[in-house]
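Step one of this worksheet: look at the structure below.
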Amino acid sequence: MAEVYKGRHPRLDRTVAIKILPASLADDADFRQRFEREAKAVAALRHPNIVQMFDFGDVDGIYYMVMEYIDGADLSHHMSESGPMDLAQARSIIADLAGALDYAHAQGLVHRDVKPSNVLLQEKPGFSEKPIFSAILTDFGIAKFLGSETGATETGTMMGTLDYMAPEQIRVSRKVDGRADIYALGVMLYRMLTGELPFKGEHPSTIMLAHLQEPPPDPRTLLPDLPEPIALAIMRAMAKDPDERFDTVGELAEELVYW
């Protein structure tokens, strides 16, 4: 829904990312509102693992955000290039995202679109056999402030990316909270470690029904050496009932620490 350019801020002498709402969408009041809502949401957040907002505005009908430039690939691209991650790599990324998401949730903000393409990676210096990454969470375009209603929820529009969408998001529940992000992170962790999505199908309706009805698959089916507590933590994060998931993302991250 946006174009992103690498740019240079001449006065600050820094490289930035400039996110532009395409002209084809700028004429749509809903998309303009969503774009502005994302800018205000990100501007209100101050966390090292959430992309930083510098400026927002419009010039001659062109709506833009000026954001921190992250010099690294997104997680989706990395997995396509390198395949499944080992536990140490996954642990580092989940720990960073746990801090980012728990902070956002504490501010009353639910991301609602946690997925690999919205996670940017920067390699940490070190001497491990495989690179260890820090993770930056981006794209709050469909984020929801708890206690508020967006036009989408009022009209019953399903919001999110189907492969990572919690059952309550599919049902367009107005009670979606931070536990929907925990579900998405559980799906993402499953894919990071196994290289596969937990629910697949040739048609979107098949994937949708799987999220709604099928129990979370055990990742040890694909990764037999995965420690049992890790496998159970992933499945708990993907529980159909939000009350059966972890209360915070930090609790999920803690399950990965000792293995």
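Under our numbering, residue 1013 is the last one in the sequence shown; the count climbs by one each step, no gaps.
Ideal Cβ positions, reconstructed from N, Cα and C, are used throughout, including at glycine.
Length-filtered (4 minimum) alpha helix (DSSP H) runs lying within the segment 806 to 847:
Taking only runs of at least 4 residues, the alpha helix (DSSP H) segments lying wholly in the segment 806 to 847 are 829 to 836.
What three-state label does DSSP hand K884 in the structure shown?
Residue numbering aside, residue 884 sits at position 130 when the sequence shown is read from its first letter. Coil.
Between the C-alpha atoms of Q806 and A797, what's the straight-line distance to the nearest angstrom?
The residue you call residue 806 lines up with position 52 of the sequence shown. The residue you call residue 797 lines up with position 43 of the sequence shown. Going from the Cα of Q806 to the Cα of A797 covers about 7 Å.
Could you check whether the segment 813 to 833 touches the segment 866 to 876, counting it as contact only if at least three pairs of C-beta atoms, one from each stretch, sit closer than 8 Å?
Counting Cβ pairs under 8 Å, three or more are found: they touch.
Measure the alpha-carbon distance for E877 versus L841 and round it to whole angstroms.
On the sequence shown, residue 877 is found 123 positions in, with the first residue counted as 1. On the sequence shown, residue 841 is found 87 positions in, with the first residue counted as 1. C-alpha separation (whole angstroms): 16 Å.
Which whole-angstrom value describes the C-beta separation of M839 and K773, a residue pair presumed to lie in contact below a C-beta threshold of 8 Å?
Looking up residue 839 in the sequence shown gives position 85. Looking up residue 773 in the sequence shown gives position 19. Not quite, the Cβ-Cβ distance comes to about 28 Å (not below 8 Å), so this is no contact.
Distance, S888 Cα to D850 Cα
As a position in the sequence shown, residue 850 is number 96, starting the count at 1. As a position in the sequence shown, residue 888 is number 134, starting the count at 1. The straight-line gap from Cα to Cα measures roughly 7 Å.
Would the segment 993 to 1009 count as touching the segment 971 to 980 if we require 3 or more Cβ pairs under 8 Å?
No, the segment 993 to 1009 does not touch the segment 971 to 980.
Check the Cβ-Cβ distances between G932 and every residue of chain D, and say whether any is below 8 Å.
Looking at the structure shown, chain D is missing, and only one protein chain is on hand.
Looking at the unbroken beta strand (DSSP E) that takes in L951, where does it start and where does it end?
Taking the sequence shown and counting its residues from 1, one reaches residue 951 at position 197. Segment: none, L951 is in no beta strand (DSSP E) and carries neither H nor E.
Cα separation between F953 and D812?
Counting from 1 along the sequence shown, the entry for residue 953 is found at position 199. Counting from 1 along the sequence shown, the entry for residue 812 is found at position 58. Taking the CA atoms as reference points, F953 sits about 40 Å from D812.
Nearest neighbour of H865, chosen from R800, A795, D809 [CA to CA]
Here residue 865 refers to the residue found at position 111 of the sequence shown. Proximity to H865 across R800, A795, D809 peaks at A795, based on C-alpha coordinates.
Expressed to the nearest angstrom, what Euclidean distance is found between the alpha-carbon atoms of L916 and H801?
In the sequence shown, the residue the question calls residue 916 occupies position 162. In the sequence shown, the residue the question calls residue 801 occupies position 47. Cα-Cα distance, rounded: 27 Å.
With DSSP run on the structure shown, which of helix, strand or coil describes F899?
Along the sequence shown, one-based indexing puts residue 899 at 145. F899: strand per DSSP, three-state reduction.
Closest residue to A985 among L963, A858, R945 (Cα-Cα distance):
Counting from one through the sequence shown, the residue named residue 985 turns up at place 231. If we check each option's Cα against that of A985, R945 comes out closest.
Give a yes or no on whether the C-beta atoms belonging to E1009 and P983 are separated by under 8 Å.
Here residue 1009 refers to the residue found at position 255 of the sequence shown. Here residue 983 refers to the residue found at position 229 of the sequence shown. With contacts defined by Cβ atoms closer than 8 Å, E1009 and P983 form a contacting pair.
How is the alpha helix (DSSP H) around R791 delimited, first residue to last?
Numbered from its first residue, the sequence shown carries residue 791 at position 37. It spans 783 to 797 - the alpha helix (DSSP H) in which R791 sits, taken as one unbroken run.
In three-state DSSP terms, what is A849?
The residue given as residue 849 occupies position 95 in the sequence shown. Helix.
Taking 7 Å as the limit between beta carbons, can you name the residues of its chain near G955, skipping five residues before and five after?
Position 201 of the sequence shown, counting from 1, holds the residue named residue 955. Hits under 7 Å: I961, A964.
DSSP on D941, reduced to helix/strand/coil?
Along the sequence shown, one-based indexing puts residue 941 at 187. In the sequence as displayed, the identity of residue 941 is Val instead of Asp. Helix.
Separation of D767 from P921, as counted between CA atoms
Within the sequence shown, residue 921 is the residue found at index 167, counting from 1. Within the sequence shown, residue 767 is the residue found at index 13, counting from 1. Going by C-alpha positions, P921 is about 45 Å away from D767.
DSSP three-state assignment for V868, whether helix, strand or coil
Position 114 of the sequence shown, counted from the first residue, corresponds to residue 868. Three-state DSSP puts V868 in coil, outside helix and strand.
Can you tell which of V873, G949, L855 has the C-alpha that lies nearest to the C-alpha of A1007?
Taking the sequence shown and counting its residues from 1, one reaches residue 1007 at position 253. Just measuring C-alpha positions, the residue of V873, G949, L855 sitting nearest A1007 is L855.
Buried versus exposed call for R999 [16 or more other C-beta atoms within 10 Å across all chains shown]:
Reading the sequence shown from its first residue, position 245 is the one you call residue 999. Result: buried.
Neighbour-count burial assignment, K760, 16 or more Cβ in a 10 Å radius
Taking the sequence shown and counting its residues from 1, the one referred to as residue 760 is at position 6. The residue in question, K760, is exposed, as its Cβ has fewer than 16 Cβ neighbours within 10 Å.
Can you tell me whether A777 is buried or exposed, with buried defined as 16 or more other CB within 10 angstroms of its CB?
Stepping through the sequence shown from its first residue, residue 777 is reached at position 23. Burial call: exposed.
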